[in-house]
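What follows is a set of notes on a single structure, which appears directly below.
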Amino acid sequence: MPACEAQPSGFAAIDWSKPWFAPFAGRGRRWQQAALTGYEALLAEMNADAREMRQSTGRGERLAFIAQDDLPPGAAYEAHIASTGCVPTRHNLHDFFNASMWFAFPRIKAALNARQSAAIDTLGVGPTRGGVRDTLTLFDENALLFASADPALSAALRGFDWQTLLVARRDAWGASCEVRCFGHALLEKLMTPFKACTGHAWIVEVPDGYFEWNATRRDAWLDESVAEALLNTDTLSSRMFAPLPVLGVPGWWPENEAPAFYDDASVFRAGRRAR
């Protein structure tokens, strides 16, 4: 089996009922069946959707998905996407979830690609990415979007105040705050969830009426708002994220119904700020 090929059981194991996968289930189930058929079938399904959506990459090139082996030798991944619109894609879960985000949050993906390719144009491809590219990569791989209409909840997340955010204000989830998984490496890790699995939350302050909107409108607003922030924030750093253990999100894991779940200080840490 070529290196780019995944074991079919990997794709078969995706449980679309899980809250971190559920928002992407509509397209995801169809792609899953294509992936189980084979590599070419998956690329064909992705490209059919790309043609229908007329999605563009960071420099306005029309989005398409190509086999990893079609990436020219020596070409930088992000620069190639920006200049051609073609996303090198392997037949594995990591790239499956990456491609999914081009449809779930297309503006955010295009903004990340635009900033990455601009940094490559300026600095070239060296032994290290540099601070800005590291932050963009962290976002792309491991970000959660934490949407909050209550500044107190955002402050609790930034301050590692887990008791306020996840226990005392538990009823606020779905009414004043919510989370969307974005990072494709994070989604891959959540194939086999574990208590310490932690995402990097990008906090988005949302308007008062946000939680009265349907999921499609909320996602579109997040997509536009976060993309604009990524494009227009001059200094990007990892300090802009707040760690959030994913299985601690209320309603996302049965064991967190018990308040004692959050007493595990090895997972729900006090953090540097508190210390």
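Sequential numbering of the sequence shown, starting at 4, is according to this note's numbering. Note that CB positions come from ideal geometry on N, CA and C, so glycine has one too.
Residue environment, residue i, which counts as buried when at least 16 other CB atoms sit within 10 Å
i	result
ARG118	buried
ARG110	buried
PHE197	exposed
THR138	buried
GLY202	buried
GLU48	buried
LEU253	Sequence inspection shows Pro at residue 253; the Leu mentioned does not correspond to that position. Counting Cβ neighbours within 10 Å, PRO253 comes out buried, since at least 16 surround it.
GLY88	buried
GLY186	buried
ASP237	exposed
ASP72	exposed
ASP226	buried
VAL135	buried
ALA122	buried
ASP143	buried
C-alpha distance - residue i paired with residue j, whole-angstrom precision
i	j	result
GLU215	TRP34	30 Å
ALA6	GLY13	Legend: pLDDT at ALA6 = 43, less than 50; position of this residue unreliable, value from coordinates given subsequently. Whole-angstrom Cα-Cα distance: 14 Å.
TYR42	ALA51	14 Å
GLN58	LEU66	6 Å
ALA79	ARG220	34 Å
ARG93	VAL182	28 Å
GLU231	SER241	18 Å
ARG278	ALA268	Bear in mind that the predicted position of ARG278 carries a pLDDT of just 38, short of 50, making it unreliable; the figure below should be weighed with that in mind. Going from the Cα of ARG278 to the Cα of ALA268 covers about 13 Å.
THR125	THR140	17 Å
PRO262	LYS21	21 Å
Whether residue i touches residue j by CB criterion (8 Å)
i	j	result
PHE68	ALA44	no
LEU168	LEU156	yes
CYS184	TRP23	yes
ALA114	LEU239	no
GLY99	GLY274	Checking the sequence shown, residue 99 turns out to be Phe, not Gly. Result no, Cβ atoms of PHE99 and GLY274 do not sit closer than 8 Å.
ALA199	CYS180	no
PRO91	HIS83	yes
VAL229	VAL209	no
GLY177	SER103	no
TRP224	TYR213	yes
MET194	ALA16	yes
Beta-carbon separation (whole angstroms), residue i vs residue j, contact threshold 8 Å
i	j	result
TRP256	LEU250	4 Å
LEU189	ASN145	5 Å
ALA107	PRO26	7 Å
ASN116	GLY61	3 Å
ARG161	ALA245	5 Å
ALA70	LEU46	7 Å
Sequence-distant residues of its chain with Cβ nearer than 7 Å to residue i (five each side left out)
i	result
PHE271	TRP165, PRO248, GLY251, TYR265
LYS112	MET104, TRP105
6 Å CB neighbourhood of residue i in its chain, flanking five on each side removed
i	result
SER120	GLY61, GLU81, ALA82, ALA85
ALA37	ALA44, LEU45, GLU48
ALA159	THR167, LEU168
Neighbourhood of residue i by C-beta, 8 Å cutoff - its chain only, sequence neighbours within 5 removed
i	result
LEU74	TYR80, HIS83, PRO91
PRO154	GLU208
ALA175	ASP153, LEU156
HIS97	HIS187, ALA188, GLU191
Residue i at chain C interface by Cβ criterion, 8 Å
i	result
ASP72	You won't find chain C in this structure, because it holds only one protein chain.
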